[in-house]
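First residue of the sequence shown? That's 480 in this note's numbering, and the numbers climb one at a time after it. Every residue gets a Cβ at the ideal spot worked out from N, C-alpha and C, and that includes glycine.
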Amino acid sequence: MDAMKKKNRELPYILMAAPAVAIFVIFFIVPLIFTIRYSFYNWTNFSPDISWNGLDNYKKLFSDTMIFGGIKNSLIYAFFTVILQNLISLPVAVVLNTKFKGRNFFRATFFCPAVLSTLVVGYLWKYILSAGDFGLVNQMLNRLGIDTVNFLGNGKLALASIIFTQVWQWFGWSMVIYLGNLQSIGDDLYEAASIDGATTLRKFWHITIPGLAPAIKTNLVTGIISGLKVFDVILSMTNGGPAHKTDTILSLMFAKFSEGNYGYASSFGIMFLIVSMILSGILLGLFGKWERRLGQ
Numbered sequence: 480m481d482a483m484k485k486k487n488r489e490l491p492y493i494l495m496a497a498p499a500v501a502i503f504v505i506f507f508i509v510p511l512i513f514t515i516r517y518s519f520y521n522w523t524n525f526s527p528d529i530s531w532n533g534l535d536n537y538k539k540l541f542s543d544t545m546i547f548g549g550i551k552n553s554l555i556y557a558f559f560t561v562i563l564q565n566l567i568s569l570p571v572a573v574v575l576n577t578k579f580k581g582r583n584f585f586r587a588t589f590f591c592p593a594v595l596s597t598l599v600v601g602y603l604w605k606y607i608l609s610a611g612d613f614g615l616v617n618q619m620l621n622r623l624g625i626d627t628v629n630f631l632g633n634g635k636l637a638l639a640s641i642i643f644t645q646v647w648q649w650f651g652w653s654m655v656i657y658l659g660n661l662q663s664i665g666d667d668l669y670e671a672a673s674i675d676g677a678t679t680l681r682k683f684w685h686i687t688i689p690g691l692a693p694a695i696k697t698n699l700v701t702g703i704i705s706g707l708k709v710f711d712v713i714l715s716m717t718n719g720g721p722a723h724k725t726d727t728i729l730s731l732m733f734a735k736f737s738e739g740n741y742g743y744a745s746s747f748g749i750m751f752l753i754v755s756m757i758l759s760g761i762l763l764g765l766f767g768k769w770e771r772r773l774g775q
């Protein structure tokens, strides 16, 4: 009888969770199963037969030098985007957490770019950074007597230019997460520190930073994973060029799908998933140790 009552109590929660579980299974688990399966097949547009080829796709993957270039670019993009984004958003959030006239205006202004589509932002900055006569940045440089800079056509500048645009777009998102966490840090801690004679820098290092541990973990982990998955801004700004200097893991995978190498592209997807899971596990473990250390 008690078991029946327990089931009746749990039934509404099960029914509420069922749509989300069904969507997750249909749009993630099922495609994942098929992707794993076809990663072991020779499936291309050039052959009418889908034949089993075992680990050949994965062997080809590890011998493809272009893949290592894409991995390198993805790691560089993820690392520098996350570091710069948080180095800017954290002090900005601390300043905007204080009371002064117009702070809500600045909060909204900094957050607005994060609302825009990444594709839209990519095409916008492609226009602004263009080396053509209509490029806004180069028009300004030319008026200052500086020669035109090919930001997106120069292999040494293209990836850095993309990183800049994404830091501009997403630092406001990180700022909002820090602002939310800052509200949970009690003023009494700062007051006690002031009574003890702590400087502003010491209060920031010993109170603000430990108190922001959850937000720091969230921003860094999600930022790294999002950085590794970068695709749309690459597609809109450079399409992997010049000479694959801005190609990432997902842009290369998209290229393989576009070429009709579906089995090989599926092995891309599975390797990317494995790498992302391993990296996420490492980061979560490191931040877990940090939080436990802070709690001691």
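- According to the DSSP assignment, THR627 belongs to no alpha helix (DSSP H), since it is labelled neither H nor E.
- THR514 sits away from GLN645, with the two beta carbons spaced by 7 Å or more.
- Across the structure, LEU540 and THR701 are spaced so that their CA atoms are roughly 26 Å apart.
- By the C-beta density criterion, ILE641 is buried, having at least 16 other C-beta atoms within 10 angstroms.
- Around the beta carbon of VAL509, fewer than 16 other beta carbons sit within 10 angstroms, so the residue counts as exposed.
- Between the region 686-700 and the region 759-769, the count of C-beta pairs closer than 8 Å reaches three or more; the two stretches touch.
- With respect to the 7 Å criterion, ASN536 and SER653 are not classified as neighbours on the basis of their beta carbons.
- DSSP, reduced to helix, strand and coil, places ASN521 within a strand of the structure shown.
- Our two residues, GLY739 and LYS538, have alpha carbons roughly 19 Å apart in a direct line.
- In this structure the region 544-553 lies against the region 714-731, because at least three pairs of beta carbons, one per stretch, are closer than 8 Å.
- Burial state of GLN648 is buried, judged by a 10 Å Cβ sphere holding 16 or more other Cβ atoms.
- Between THR523 and TYR741 the beta-carbon gap is near 7 Å, inside 8 Å, which marks them as a contact.
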